[in-house]
Amino acid sequence: MTRDGDNGGVMVGWAPADYVDETVPTLRASPSDWLVRGAEGIGLAPFDLEPGEALSATDDIHVLAQGETVMFTALTEFGDATMTIAEDGSFSVDRPMPPDARTCSLDNDTSGETIEELVEAMRTWGDDTAGRYVVAYYAWSDDQPFTLRGDAFVARDDAGSGA
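Everything in the sequence shown is counted per the numbering used here, starting at 2 for the first residue and increasing by one.
See the structure below:
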């Protein structure tokens, strides 16, 4: 984990952008940590292959060509807050959403781009939302291009060459 500038966030790890959807794989410290060597060459580790786990004979990898670019996204966490929803539907948090956070969620299941949006999503559960909840604040980066050079990915600059 690395600090993300002065915004209070901690960069947790990277994943191929195509792997990040409703379910997120175990993140890795760098895009290069997603590279594995298979029988046909170097490629992206399968979604469900845990870091340090060996490829099995049945694992299918996307073999990469030298110079091929893959889009990655990084997760930055901004800590938690306690949200209280009263019986009358009003709510409060003990810590506001940090300006650089893009999402807030409960147990990585119900989420919103704002606390208000999160509460609205919770109201779809029914009338019994009163209580205290731990809310996680985080942000996924915009997709960033990385190019395979040798046995590693390098960040690609705007001109399309490896940085």
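Note that the Cβ used here is the ideal one computed from N, Cα and C, for glycine as well.
Supposed contact pair residue j and residue i - C-beta distance, whole angstroms, cut 8 Å
| i | j | result |
| --- | --- | --- |
| Phe73 | Ala122 | Not quite, the Cβ-Cβ distance comes to about 28 Å (not below 8 Å), so this is no contact. |
| Ala140 | Phe147 | At roughly 19 Å, the Cβ-Cβ gap does not stay under 8 Å, so Ala140 and Phe147 are not in contact. |
| Asp95 | Thr83 | 5 Å |
| Ser142 | Ala75 | 4 Å |
Under 8 Å between C-beta atoms of residue i and residue j
| i | j | result |
| --- | --- | --- |
| Thr77 | Met12 | yes |
| Ile62 | Asp152 | no |
| Leu65 | Val37 | no |
| Leu149 | Glu69 | yes |
| Tyr138 | Phe79 | yes |
| Pro26 | Asp60 | no |
| Val136 | Asp89 | no |
| Ala18 | Trp35 | no |
Through-space distance from residue j to residue i, alpha-carbon basis
| i | j | result |
| --- | --- | --- |
| Phe154 | Thr24 | 24 Å |
| Gly9 | Gly132 | 28 Å |
| Met98 | Ser106 | 11 Å |
| Pro52 | Trp126 | 36 Å |
| Asp101 | Asp144 | 16 Å |
| Gly14 | Glu114 | 21 Å |
| Asp129 | Ile86 | 10 Å |
| Arg124 | Ala58 | 47 Å |
| Arg29 | Ser93 | 34 Å |
| Ala40 | Tyr134 | 48 Å |
| Glu54 | Ser91 | 47 Å |
| Asp158 | Gln67 | 17 Å |
| Ser31 | Val71 | 13 Å |
| Asp22 | Asp108 | 15 Å |
| Ala160 | Ile116 | Caution is warranted here: a pLDDT of 43 is assigned to Ala160, below 50, making its placement in the model unreliable, and no coordinate value can be reported. |
Residue i: CB within 7 Å of a non-hydrogen atom of the ligand COA
| i | result |
| --- | --- |
| Ala137 | This structure lacks the ligand COA; in fact it carries no ligand of any kind. |
**Study point:** Secondary structure, alpha helix (DSSP H): runs of 4+ residues fully inside the region 41–93
**Key:** none
Point to revise | Continuous beta strand (DSSP E) assignments of at least 3 residues falling wholly in the region 98–124 | key: The qualifying runs are 104–107 and 111–113.
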